[in-house]
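Just so we're aligned: 83 in UniProt numbering is position 83 of the sequence shown, and the numbers increase by one with no gaps anywhere.
Beta carbons are placed, not taken as given, at the ideal position from N, Cα and C, and that holds for glycine.
Take a look at the structure set out below.
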Amino acid sequence: MIDQVPVDNGADNGADNGAEKDADHGGRNWRPAAGLAALRLRAELLGRIRNFFRERDVLEVETPLLASTTALDLHLASMEVRCEGHKEQTADGRIDHRLFLQTSPESFMKRLLAAGSGPIFQLCKAFRDGEVGPHHNPEFTLLEWYRPGFHRETLMDEVESLVRSLLPIGPAMRMTYRDAFCKYAELDPFQASLSALQEYVGRLGFRADADPPDRDTCLDLIVSRVVQPALGRGAVFLYHFPASQAAMARLAADNPLVAERFELFVDGIELANGYHELANSREQRHRFLADREKRSQRQLPDLPMDERLLAALEHGLPDCAGVALGVDRLLMLLASPHTVSAMKLDAVMAFPFSRV
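Dropping the structure here:
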């Protein structure tokens with residue numbers, strides 16, 4: 001476990017902690033938001049993470065931040081750049097110069113797995129547009145790893161081992177998605193009607209009469225506003241999400257209504273999201289097409305399908321489980337174990353979005 005060092009939101013060692021320091025610079029906030037204590041803590045954390053995987057013979061890899069495709073998930077907004085040197089021909093014969101900053105290295109890492117890499121991990125930057133807030137930054141540090149031969153439960157065990165080696169927490173509680181809803185929201189997410197879910201989120205203050213939220217949007221709102229705050233202190237895994245939220249996870253063999261997907265929360269903060277990975281290229285193509293159709297219905301930008309990933313799945317993805325973990329949030333929890341509700345990512349990032 002890493003020794004915890006209080007972080008004073010950038011007050012130490014020359015980091016900015018007041019507008020008066022910027023008066024001579026036209027009010028431009030040039031100083032880092034995080035102080036040296038936070039920067040040193042980050043360096044130690046990254047080293048400990050690398051040691052954890054080195055001891056388990058998991059290979060560190062590096063993949064591109066720019067790609068010709070990106071996530072089709074309705075709830076992930078990608079950032080795109082124009083690159084004159086990139087000339088991808090579209091289905092209708094146009095030349096597409098777009099490249100996308102990756103929301104996750106998942107696609108590239110699965111291509112490595114299909115090529116025979118064995119177990120791999122990566123520490124990298126990821127990008128998600130529109131995600132700005134106390135626990136969100138459009139550019140953030142992600143830890144992602146994949147374990148051939150693992151399934152959901154064994155990967156949950158390893159995630160818990162990593163997190164408990166870094167944070168002063170006890171054993172994680174494990175709850176199904178349904179049990180968490182029944183306990184904290186007092187409704188069954190699989191049995192409740194759409195109208196009942198819409199009425200529920202309406203009572204939470206969500207109003208969208210012109211464009212009523214669909215089932216998954218309602219469920220996500222209830223998780224974030226009711227379930228997540230009720231999880232309390234310590235580590236909690238939620239697993240067996242609805243099949244409609246499977247994303248790139250396979251469905252449970254004994255219950256096709258649920259996906260072999262889990263999320264880890266620590267002190268009410270979402271920290272990790274993992275899957276027993278879908279390896280069937282036909283099913284993945286079907287999900288991609290369904291996502292593109294939903295994007296079209298919502299008048300969201302049309303995005304290309306990741307044919308290279310589908311080809312890798314067709315070639316053969318080993319049976320594996322994978323997970324993505326937010327390093328900045330982990331650092332935030334480590335830096336302020338008793339006041340996480342008041343902590344912000346800015347306190348542990350040298351240059352957050354507000355200073356770029």
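In this structure the region 231 to 246 touches the region 215 to 223; the number of beta carbon pairs closer than 8 Å is three or more. Counting only the Cα atoms, Val227 lies some 39 Å from Trp30. Cβ-Cβ distances below 8 Å link Gly149 to Pro318, Asp319 and Cys320 in the same chain, with the five nearest sequence neighbours on each side left out; the list follows chain order. Rounded to whole angstroms, the Cβ separation of Asp328 and Thr63 is 20 Å, and the two are not in contact under 8 Å. For the pair Pro301 and Arg295, the Cα-to-Cα distance works out to about 7 Å. The C-alpha of Phe351 is placed about 13 Å away from the C-alpha of Lys344. The beta-bridge partner set that DSSP reports for Tyr275 consists of Arg261 and Gly322. Boundaries for Lys125: no alpha helix (DSSP H) harbours it, while the beta strand (DSSP E) harbouring it runs Ile120 to Phe127, taken from the DSSP string. Under the three-state reduction of DSSP output, Asn280 falls in the coil class, being neither helix nor strand. When the five nearest sequence neighbours on each side are left out, the beta carbons in the same chain lying within less than 7 Å of the beta carbon of Gly316 are those of Ala114, in order along the chain.
If you draw a straight line from the Cα of Ile120 to the Cα of Ala324, it comes to about 12 Å.
In the DSSP assignment, Tyr146 falls outside any alpha helix (DSSP H) and within the unbroken beta strand (DSSP E) covering Glu139 to Pro148. Excluding residues up to 5 positions away in sequence, Leu331 and Val348 lie with their Cβ nearer than 7 Å to the Cβ of Arg42 in the same chain.
Around the beta-carbon of Ile49, 16 or more other beta-carbon atoms lie within 10 Å, marking it buried. For Met79, DSSP records a beta bridge to Leu101.
Considered as a whole, the region 176 to 200 harbours 177 to 180 as its complete alpha helix (DSSP H) runs of no fewer than 4 residues, in chain order. The secondary-structure analysis by DSSP pairs Pro242 across a beta bridge with Val258. The straight-line gap separating the alpha-carbon atoms of Cys124 and Leu143 is approximately 7 Å.
Under the 8 Å Cβ criterion, the region 151 to 162 counts as touching the region 259 to 266, having at least three qualifying pairs. Residue nearest to Lys183 within the set Pro168, Pro229 and Leu334 is Pro229 (criterion: CA-CA distance). His276 sits buried, since 16 or more C-beta atoms from the chains shown fall within 10 Å of its C-beta. Taking each of Val61, His86, Gly118 and Arg98 in turn and checking the Cα distance to Ser78, the smallest one comes out for Arg98.
Note on Phe108: 16 or more other CB atoms within 10 angstroms of its CB, so buried under the neighbour-count rule.
Rounded to whole angstroms, the gap between the alpha carbons of Phe127 and Leu271 is 16 Å. Short of 6 Å from the beta carbon of Ile169, and not among the five residues preceding or following it, lie these beta carbons of its own chain, in chain order: Gly234 and Ala235. The beta carbon of Glu314 sits closer than 6 Å to the beta carbons of Ser281 from its chain, once the five residues preceding and following it are set aside; these are given in chain order. Contact between Ser117 and Leu59 is confirmed by a C-beta separation of about 7 Å, below the 8 Å threshold. Residue environment: Ser336 is assigned as buried (16 or more neighbouring CB atoms within 10 Å of its CB, all protein chains considered). Per DSSP, the beta-bridge partners of Phe237 are Arg174 and Leu264. Excluding five sequence positions before and after Lys110, the CB atoms of its chain that fall closer than 7 Å to its own CB belong to Leu309, Ala312 and Leu317, given in chain order.
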